[in-house]
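S.K.: I have a structure I would like to understand better, so I am pasting it below and will then ask my questions one at a time.
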Ligand code: HDE
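Numbering (UniProt numbering), first residue to last: 1 to 676.
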């Protein structure tokens, strides 16, 4: 087995129809595909037209139920490489040998929206990884937020009913800004911590390539000696964690509802393979009760400053899917797909998930044989006595399909632990059967306050704005007030800030005495790089060619993607006759689709050109984006009165300009800019 094992397995199922003769599904060549078989040229269609019937029947059955949550998703193939053997902590085969590469398939998703919904909505993002290991598939089914809304799986249907469009009018799509969601929050206060994340910039990522992933639950690593550690999983994007601004995110939803999938698939096509490092936080079993939170509580994170994240490997996404339905839509993840050395804990949210995922695949993929679909097949062999069911592919030979038997020498036989058989961690459990919440799960606000304390001033401002937007869309005055009162327990400035914006009464009680903060939670402290960022270059005829060429070359060297925008498609001629191909017009592009704008200008000085350029500049400016201008371009900055603002770069020395502009692009946004 090697990093190509999955690709080689999928190859057996790939079909290229181009250049071939058309047949029915039975292999019969078809002579005509435009006209159904009729009794006479103007007569009725005949029942015996098997080609028509087969084609139409297949079409009628093309859709399957979308996922109840995470319906909108996009995926890619890749590879996982380990940095150092993890033998001390786990016996998982794929975490032993740094020279071994494991194929992976990753699906990113939004949670609330339907399959056709926009991608830049405010929401958590799913981050689900299937490792095709030699010991079977291991699925790490996480999110880009490290905590969850609820503590017990039995509340999940309620949470999802409250988030989804309201049942009487199916409004709003892919949004939490409505009464039922906030009514649920105010009446289920364990959600406070996750709501803080959902109202923060984390919920509007710039790219799937620029967000963290978290396993959320506490799992167990078990080593060869049977010793266990509690473990939390992290994915850290090599490009850093970056977000959009809310106004921009909403506009992108209209201008390009496919923004995130386009970004991911284009990056892979360009060879800019997205990379994420895998990190683990480890707590010894004997330290289970050494923290001021319960390690089993999924509404709590382990502050990285207290429990460091050990980086153990890297995942690179390097191949787009061939067919979205066959791969992305039919992939079936399950947190219960584990390998020896990785085990569960009693987190009541995780325990419930272990039931739900197979159950949902049975309805979604139509029966118990979904593991045989090419994308879901393990790359190692699998044998058992399960038989039959809808869509069975495997042809199991022989007489015997039961255990124990003598006719097949009692095979397939269970494997001992030494032979790789999965043996559950022998945790001692005892207790009464109760329906209750542990006392240790009852602090709902301390970590929500820690999250708030950890934010930079602009991040805090964004959170207040997000609450103001969301609750501004809520109609019930009572729900609005309940939410204000609830978040007063997190922080009074926060609650007062949005209470004022929505015309609610300021909270009278509340205020937290938690002063702890965790710098790792602020995106201000993330990595900053210019590579793979997209710059829109506004260019007209007679542009200064030597200057533009040198800046474009400098951008390219740093991996920045420059795309030309002008009034028309075709070519624009520069001052010395150099021609540049235009990628977008003012009509087909928009400032919100770029990380930065570079204004070159030219002699297309008509009114419309000036107005369109001003729109791009002002829009980028109000979204705090870097703007660059050289020579003639500087006139535009002056005309729009932004020349001396932070993140606005201009100059006539091309080397200096390129260097400062690239540094500005890496900076991502300039929050200290005055935007009115
Ligand atoms: Fe899921 N979740 N979930 N979830 N979840 C599903 O499974 C569920 C939870 C997550 O790209 C469903 O195949 C319950 C937490 C991702 O295909 C379903 C509970 C986390 C994906 C389901 C949770 C997740 C799903 C719907 C509460 C982060 C998309 C379709 C106990 C750790 C995977 C499907 C993909 C999908 C149930 C909570 C992540 C219904 C009952 C917490 C990334 O089975």
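Think of the CB as a built atom: it goes at the ideal place given N, C-alpha and C, for glycine as much as any other residue.
Just so it is clear, the structure is predicted and the values come from calculations on it, not from any experiment.
For a quick check, are the C-beta atoms of residue 193 and residue 495 less than 8 Å apart?
M.R.: Going by C-beta atoms, residue 193 is not nearer than 8 Å to residue 495.
S.K.: Tell me which residue opens and which closes the beta strand (DSSP E) that residue 564 is part of.
M.R.: 561-566 is the extent of the beta strand (DSSP E) around residue 564.
S.K.: Quick check for students: name the residue ranges of the alpha helix (DSSP H) that lie wholly in the region 285-343, counting only runs of 4 or more.
M.R.: The qualifying runs do not exist here; there are none.
S.K.: Is the Cβ-Cβ distance between residue 124 and residue 186 less than 8 Å?
M.R.: Not in contact: residue 124 and residue 186 (Cβ atoms no closer than 8 Å).
S.K.: Whole angstroms are fine: how far does the CA of residue 431 sit from the CA of residue 11?
M.R.: Looking at the two C-alpha atoms, the distance is approximately 51 Å.
S.K.: Give the DSSP-derived three-state secondary structure of residue 66 in the structure shown.
M.R.: DSSP places residue 66 in coil when its eight states are reduced to three.
S.K.: Expressed to the nearest angstrom, what Euclidean distance is found between the alpha-carbon atoms of residue 386 and residue 401?
M.R.: Roughly 7 Å separates the two Cα atoms.
S.K.: Mind checking which residues open and close the beta strand (DSSP E) that includes residue 220?
M.R.: Note, residue 220: beta strand (DSSP E), 219-222.
S.K.: Heavy atom of the ligand HDE less than 7 Å from the Cβ of residue 143, yes or no?
M.R.: Yes - the ligand HDE has a heavy atom lying nearer than 7 Å to the Cβ of residue 143.
S.K.: Is residue 490 near residue 445, with beta carbons less than 8 Å apart?
M.R.: Going by C-beta atoms, residue 490 is nearer than 8 Å to residue 445.
S.K.: Can you pull the DSSP bridge partners for residue 108?
M.R.: DSSP output for residue 108 lists 74 and 127 as bridge partner(s).
S.K.: With a CB to CB cut of under 6 Å and the five nearest residues on each side skipped, what residues in its chain are close to residue 595?
M.R.: Once the five neighbours on either side are set aside, the close Cβ partners of residue 595 are 533 and 534.
S.K.: Could you check which residue in 548, 575 and 577 has the C-alpha nearest to that of residue 563?
M.R.: Out of 548, 575 and 577, 548 has the C-alpha closest to the C-alpha of residue 563.
S.K.: Any heavy atom of the ligand HDE within a distance shorter than 7 Å of the CB on residue 349?
M.R.: Result yes, Cβ under 7 Å from the ligand HDE.
S.K.: Excluding the five sequence neighbours on either side, which residues of its own chain have a C-beta within less than 7 Å of the C-beta of residue 328, listed in chain order?
M.R.: Contacts found: 73, 74, 75, 107 and 321.
S.K.: Would you kindly work out how many angstroms separate the C-alpha atoms of residue 680 and residue 162, rounded to a whole number?
M.R.: Outside the shown range of the chain, which is 1 to 676, sits residue 680, and nothing can be said about it.
S.K.: Check each candidate in 93, 485, 625 and 177 and name the one with the smallest Cα separation from residue 243.
M.R.: Answer by Cα proximity: 625.
S.K.: How should residue 35 be labelled, buried or exposed, when 16 other C-beta atoms within 10 angstroms of its C-beta is the threshold for buried?
M.R.: Counting Cβ neighbours within 10 Å, residue 35 comes out exposed, since fewer than 16 surround it.
S.K.: Do residue 156 and the ligand HDE come close, with the Cβ less than 7 Å from some heavy atom?
M.R.: Yes, since a heavy atom of the ligand HDE falls inside the 7 Å radius drawn around the Cβ of residue 156.
S.K.: At a cut of 8 Å, does the region 609-622 reach the region 577-593 through at least three beta carbon pairs?
M.R.: Result yes; three or more Cβ-Cβ pairs closer than 8 Å.
S.K.: Spatial neighbours of residue 585 within its chain, please: CB distance less than 8 Å, with the 5 preceding and 5 following residues excluded, ordered by chain position.
M.R.: Counting only Cβ-Cβ distances below 8 Å, and skipping sequence neighbours, we find 565, 566, 567, 568 and 569.
S.K.: Tell me the start and end of each unbroken alpha helix (DSSP H) in the region 448-480 that is at least 4 residues and wholly inside, in chain order.
M.R.: As far as the region 448-480 is concerned, its whole alpha helix (DSSP H) runs of at least 4 residues are 457-472.
S.K.: Quick check: the region 264-281 against the region 307-315, are at least 3 beta-carbon pairs closer than 8 Å?
M.R.: These segments touch.
S.K.: Within this structure, are the beta carbons of residue 69 and residue 111 separated by less than 8 Å?
M.R.: Against a cut-off of 8 Å, the Cβ pair of residue 111 and residue 69 comes out as a contact.
S.K.: Can the beta-carbon of residue 507 be found closer than 8 Å to that of residue 484?
M.R.: Yes.
S.K.: For residue 109, I'd like the list of residues in its chain whose CB is within less than 7 Å of its CB, leaving aside the five on either flank, ordered along the chain.
M.R.: Same-chain partners within the cutoff: 70, 72, 73, 125 and 126.
S.K.: Along the chain, where does the beta strand (DSSP E) containing residue 233 start, and where does it finish?
M.R.: Looking at the DSSP string, the run of the beta strand (DSSP E) that includes residue 233 is 228-237.
S.K.: Measuring only the C-alpha atoms, how far is residue 510 from residue 486?
M.R.: In a straight line, the C-alpha of residue 510 is about 8 Å away from that of residue 486.
S.K.: Are the region 550-557 and the region 650-667 touching by the rule of at least three beta carbon pairs closer than 8 Å?
M.R.: Because the criterion of three Cβ pairs below 8 Å is met, the region 550-557 and the region 650-667 touch.
S.K.: If we count Cβ pairs, one from each stretch, closer than 8 Å, do we get three or more for the region 637-649 versus the region 217-229?
M.R.: Too few Cβ pairs lie closer than 8 Å, so no.
S.K.: Skipping 5 residues on each side, what residues in its chain have a beta carbon closer than 6 Å to that of residue 101?
M.R.: Result list for residue 101: 3, 79 and 81, in chain order.
S.K.: Please indicate yes or no: does the CB of residue 602 lie closer than 7 Å to some heavy atom of the ligand HDE?
M.R.: Not under cutoff, so the answer is no.
S.K.: With three or more beta-carbon pairs closer than 8 Å as the criterion, would you say the region 519-529 touches the region 462-474?
M.R.: In short, these stretches do not touch, since the Cβ pair count stays below three.
S.K.: Taking the beta strand (DSSP E) that residue 627 belongs to, which residues open and close that run?
M.R.: 627-630 is the span of the beta strand (DSSP E), which, as asked, contains residue 627.
S.K.: Pair every Cβ in the region 130-143 with every Cβ in the region 369-383, then say whether three or more of these pairs are closer than 8 Å.
M.R.: Touching, per the Cβ criterion.
S.K.: Could you spell out the range, first to last residue, of the beta strand (DSSP E) harbouring residue 664?
M.R.: Run containing residue 664: none in the beta strand (DSSP E); it sits in the alpha helix (DSSP H), 654-667.
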